Amino acid sequence: MIRIDSVTKRYPDGTVAVDRLSLEIPDRAITVLVGPSGCGKTTTLRMINRMVEPSEGTILLDGKDIQQQPVNTLRRSMGYVIQNAGLFQHRTILDNIATVPRLLGWGKERSRARARELMDRVGLDGTLARRYPYQLSGGQQQRVGVARALAADPPVLLMDEPFSAVDPVVRKGLQDELLRIQEELAKTIVFVTHDIDEAVKLGTMVAVMRTGGRLAQFAPPAELLTD
Ligand code: ADP
Ligand code: ADP
Numbered sequence: 294m295i296r297i298d299s300v301t302k303r304y305p306d307g308t309v310a311v312d313r314l315s316l317e318i319p320d321r322a323i324t325v326l327v328g329p330s331g332c333g334k335t336t337t338l339r340m341i342n343r344m345v346e347p348s349e350g351t352i353l354l355d356g357k358d359i360q361q362q363p364v365n366t367l368r369r370s371m372g373y374v375i376q377n378a379g380l381f382q383h384r385t386i387l388d389n390i391a392t393v394p395r396l397l398g399w400g401k402e403r404s405r406a407r408a409r410e411l412m413d414r415v416g417l418d419g420t421l422a423r424r425y426p427y428q429l430s431g432g433q434q435q436r437v438g439v440a441r442a443l444a445a446d447p448p449v450l451l452m453d454e455p456f457s458a459v460d461p462v463v464r465k466g467l468q469d470e471l472l473r474i475q476e477e478l479a480k481t482i483v484f485v486t487h488d489i490d491e492a493v494k495l496g497t498m499v500a501v502m503r504t505g506g507r508l509a510q511f512a513p514p515a516e517l518l519t520d
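Encoded structure:
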């Protein structure tokens, strides 16, 4: 479990992005952070993999303070997916996905076999393997982003508005795919969105944040209070 314990983030310019946030993020479920732009969702997500350090408070992963763990070990246990996929433009789709296992010291063939298996899992046709990112649609690129994040089989996936830049029909397909992947692989997913409908559709638990980085609600979708 990831436990966020009274965490505050104050950026050097004085902006309080997250204000005394406490959250218990359950294992093997999708926890969605939702709220308006600027309410601290991305900052919260980035504190979980230590791209951003909290000013106060602690974050525990399976009971251990993440500050006490080597950052590389921590990040190896966490896949990260962002809005525009962040793919390596000069590498093929297959190589984009195989990069992480390669970095972990898997052999070339085993890494590529793993990449092909993942393309299949996220619904990408194998014929796309030799193409480059610019030759794919936005939705296909996001699928590559998800496959790459899954490549090393991390227990945790951090996803920052991964489907926000694609059109509604494609977005629905990606959401369905994520639910299917979650059912099969049972990852611990922390998913950031500003779209309440997406939060309700995907979330096992939904954390509603409000401007100023405060937590407004934390509940399963069916129990969220609307206002
Ligand atoms: P969200 O993901 O909900 O849009 P962010 O976490 O990106 O929110 O930002 C929360 C607040 O912190 C915003 O007011 C934003 O402008 C501010 N912020 C984000 N990153 C920085 C930074 N590096 N330096 C200063 N302020 C920042
Ligand atoms: P996102 O919300 O997806 O992080 P942004 O465009 O808000 O995208 O932020 C892009 C980058 O700028 C991030 O590294 C973020 O930390 C930084 N940033 C955001 N807001 C501010 C701010 N007010 N001052 C300084 N840096 C900021």
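Quick note on numbering: the sequence shown equals residues 294 to 520 in the numbering used here. Don't be surprised by glycine CBs; every beta carbon is placed ideally from N, CA and C. The model shown is predicted, which means the values in this text are computed figures rather than measured ones.
On the premise that residue j lies in contact with residue i, defined as a C-beta separation below 8 Å, what is that separation, rounded to the nearest angstrom?
i: P319; j: M498; result: 6 Å
i: A391; j: M412; result: Actually they are not in contact, since the Cβ atoms of A391 and M412 sit about 10 Å apart, beyond 8 Å.
i: L314; j: T351; result: Rounded, the Cβ-Cβ distance is 11 Å, inconsistent with contact.
i: V485; j: T308; result: Between T308 and V485 the Cβ distance is about 18 Å, and since that is not below 8 Å, they are no contact.
Grab me the residues of residue i's own chain with a C-beta within less than 7 Å of its C-beta, minus the 5 sequence neighbours each way, in chain order.
i: K494; result: Q468
i: N342; result: L367, R368, M371, Y373 and L451
i: M294; result: E317, I318, P319, D320 and D355
i: S330; result: H487
i: Y289; result: Nothing can be reported for residue 289, as the shown portion of the chain is limited to 294 through 520.
i: A528; result: Beyond the ends of the chain as shown, which are 294 and 520, falls residue 528; an answer cannot be given.
i: G496; result: I323, T324, V325 and P514
Exposed or buried, which one is residue i when buried takes at least 16 other CB atoms within 10 Å?
i: G505; result: exposed
i: V364; result: exposed
i: L443; result: buried
i: K357; result: exposed
i: Q428; result: exposed
i: L326; result: buried
i: P461; result: exposed
i: T519; result: exposed
i: A500; result: buried
i: P347; result: buried
i: L472; result: exposed
i: G419; result: exposed
i: R423; result: exposed
Give me, in chain order, the residues of the same chain whose beta-carbon lies closer than 6 Å to that of residue i; leave out the 5 immediate sequence neighbours on both sides.
i: R296; result: E317 and L353
i: E349; result: T301
i: I375; result: D453
i: E491; result: none
i: I482; result: I323 and L450
i: S430; result: none
Tell me which same chain residues have a C-beta within less than 8 Å of the C-beta of residue i, skipping the five on either side of it?
i: P394; result: R403, S404, R407, A408, A444 and A445
i: Y425; result: Q382, H383, R384, T385 and I386
i: Q434; result: N377, A378, L380 and P426
i: G438; result: V374, I375, A378, G379, L380 and P455
i: L517; result: V493, V499, V501 and Q510
*Decide if the stretch 476-483 is in contact with the stretch 386-401; the criterion is three or more beta carbon pairs, one per stretch, under 8 Å apart.*
By the criterion of at least three beta-carbon pairs nearer than 8 Å, the stretch 476-483 is not in contact with the stretch 386-401.
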